[in-house]
């Protein structure tokens, strides 16, 4: 199943609803391109909704890390919401759970953008 990216806005935050797989190839490339486009449009508050992502490989994890560093370098914020149990475990094992701000609900994630970035 290819990666589908749906974009919506809420409270000044751009939410990317991801569905499918984030893997090496076209899927990772499409996510990288969407992030570049958001930054070009001066949209610097980004929330990735991973609720419908069934699989993420190491290249997909790398794509998320690259997105995080790119947005951070542009003085923006990237946060994650609705991680699957397996992906949360992957982030914990790789210690990336300490890098990303992760939320269980979209409401909590959106509220966190109102606070000063950490």
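Residue numbers (this note's numbering): 428 to 545. Cβ atoms here follow ideal geometry from the backbone N, Cα and C, with glycine treated the same way. All of these numbers come straight from a predicted model, not from anything done at the bench.
Around the beta carbon of residue 506, 16 or more other beta carbons sit within 10 angstroms, so the residue counts as buried.
When beta bridges are read from the DSSP output, residue 530 appears opposite 508. By the CB criterion at 8 Å, residue 536 and residue 492 fall outside the cutoff. DSSP lists no beta-bridge partner residue for residue 538. Residue pairing by DSSP places residue 523 opposite no residue, since no beta bridge is assigned to it.
The residue from 503, 485 and 448 with its alpha-carbon nearest to that of residue 478 is 448.
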